[in-house]
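> First, the structure itself, so that you have it in front of you.
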Amino acid sequence: MRPLIAWWYRGDRYKDPIDGKSFKCFLPYGYGKMRQNVLSPSTLSLERHRLLWLYLQKETTLFEHPPTQLLHFAPEQCFYDRFRESDAIQYTTTDLNSPLADVKADICDLPFEDNKFDMVLCNHVLEHIPNDQKAMQELYRVLKPGGMAILQIPLENNREVTFEDDTITDRKERARIFGQYDHVRVYGMDYFERLAEVGFEVQAVDYTNKLSAHEVDLYRLASGELIPVVTKPDS
């Protein structure tokens, strides 16, 4: 079905940087409220996936030798095959439920040794985790000194303080307040402080600011979206 959809939408107006294919438009997507022209017909990537791909390719050594030991939580299908097939990546996936996971594991109690991975990708996971501080501590523990992690979450840039309330249990009410019924908080800009509290050195990278307006439109990115990039200090 996906190749047929990609064929139907073929064109030259927009481009998916993950596979290089171009389309007359992208598909609508959204949870509750639909966003128009955001879902790639070929890779099924969204704005955040395409932004992350551009950042990984242009600003990191992930695809260079020597091989990077990469731990990927809840692996997104638009990345999975590309990471798995790269001879520059030693790829480990983990999740509680995903069929793509090599290791079934709780992010708050990981079965990996200390200081094991060069890079960790954990995207749109922490907003589901009641004890996100414990999860962050585990991410810090398994990352090598000098290693890097990218920990994307649904972030409200205009919200200063993260909101969470575990007394809200109704699914519709949770969806209305948190964005999805299975989210437990709405992250504000203090998210970066939370990451720093467990020991990470933290950057809030506005990578769209490094791209031209044409590129932001061409790749259908969300202008101003911040990429949380953290590193574990060497000492």
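Using the numbering used here, the first residue of the sequence shown is number 139, and each one after it goes up by one. A virtual CB, placed ideally from N, CA and C, is assigned to each residue, including glycine.
1) What residue range does the alpha helix (DSSP H) around aspartate 303 cover?
2) From the DSSP output, in three-state form, read off valine 258 for me.
3) Which one of Pro179, Lys153, Trp191, Gly149 has the shortest CA to CA distance from tyrosine 345?
4) So for isoleucine 288, helix, strand or coil by DSSP?
5) Identify the continuous alpha helix (DSSP H) that holds leucine 192 and give its terminal residues.
6) Taking the C-alpha atoms as reference points, what is the distance between valine 343 and threonine 369?
7) So does the segment 266-277 actually touch the segment 318-332, counting three or more Cβ pairs closer than 8 angstroms?
8) Tell me the residue span of the alpha helix (DSSP H) that contains phenylalanine 221.
9) Taking the alpha helix (DSSP H) that glutamine 275 belongs to, which residues open and close that run?
10) Is it right to say tyrosine 152 is buried, meaning 16 or more other beta carbons lie within 10 angstroms of its own, or is it exposed?
11) Does the structure place the segment 239-252 close enough to the segment 183-202 that three or more beta carbon pairs sit under 8 angstroms?
12) If you pair each beta-carbon of the segment 208-226 with each one of the segment 327-343, do three or more pairs fall below 8 angstroms?
13) Mind checking who phenylalanine 161 pairs with in its DSSP beta bridge?
14) Please report the residue range of the alpha helix (DSSP H) in which aspartate 355 lies.
15) Measure the beta-carbon distance from glutamine 215 to leucine 182 and round it to whole angstroms, keeping in mind my assumption that it falls under 8 angstroms.
16) In its own chain, which residues sit with a C-beta less than 8 angstroms from the C-beta of arginine 173, not counting the 5 before and 5 after it?
17) Taking isoleucine 365 as part of the beta strand (DSSP E), name the residues at either end of that continuous run.
18) Measure the C-alpha to C-alpha separation of asparagine 433 and proline 249 and round it to an integer number of angstroms.
19) Would phenylalanine 316 and cysteine 260 qualify as a contact pair, given that the criterion is a beta-carbon distance under 8 angstroms?
20) Would you check if the distance between the CB atom of methionine 257 and the CB atom of leucine 208 is smaller than 8 angstroms?
21) Please state if the CB of methionine 286 and the CB of leucine 333 are separated by a distance shorter than 8 angstroms.
With the given structure in hand:
1) From DSSP, aspartate 303 is part of no alpha helix (DSSP H); its letter is neither H nor E.
2) Strand.
3) Trp191
4) strand
5) 185-197
6) If you take the alpha carbons of valine 343 and threonine 369, they lie about 13 angstroms apart.
7) yes
8) That run of the alpha helix (DSSP H) goes 215-223.
9) Counting along the chain, glutamine 275 sits inside the alpha helix (DSSP H) bounded by residues 270-280.
10) buried
11) Contact between the segment 183-202 and the segment 239-252 is absent, because fewer than three Cβ pairs lie under 8 angstroms.
12) No contact exists between the segment 208-226 and the segment 327-343.
13) Arg148
14) Segment 351-356, the alpha helix (DSSP H) holding aspartate 355.
15) 7 angstroms
16) Pro166, Tyr167
17) 365-369
18) The structure shown does not extend to residue 433, since the chain is modelled only from 139 through 373, so no value can be given for it.
19) Pairing phenylalanine 316 with cysteine 260 gives a Cβ-Cβ distance that is not under 8 angstroms.
20) yes
21) Contact: no.
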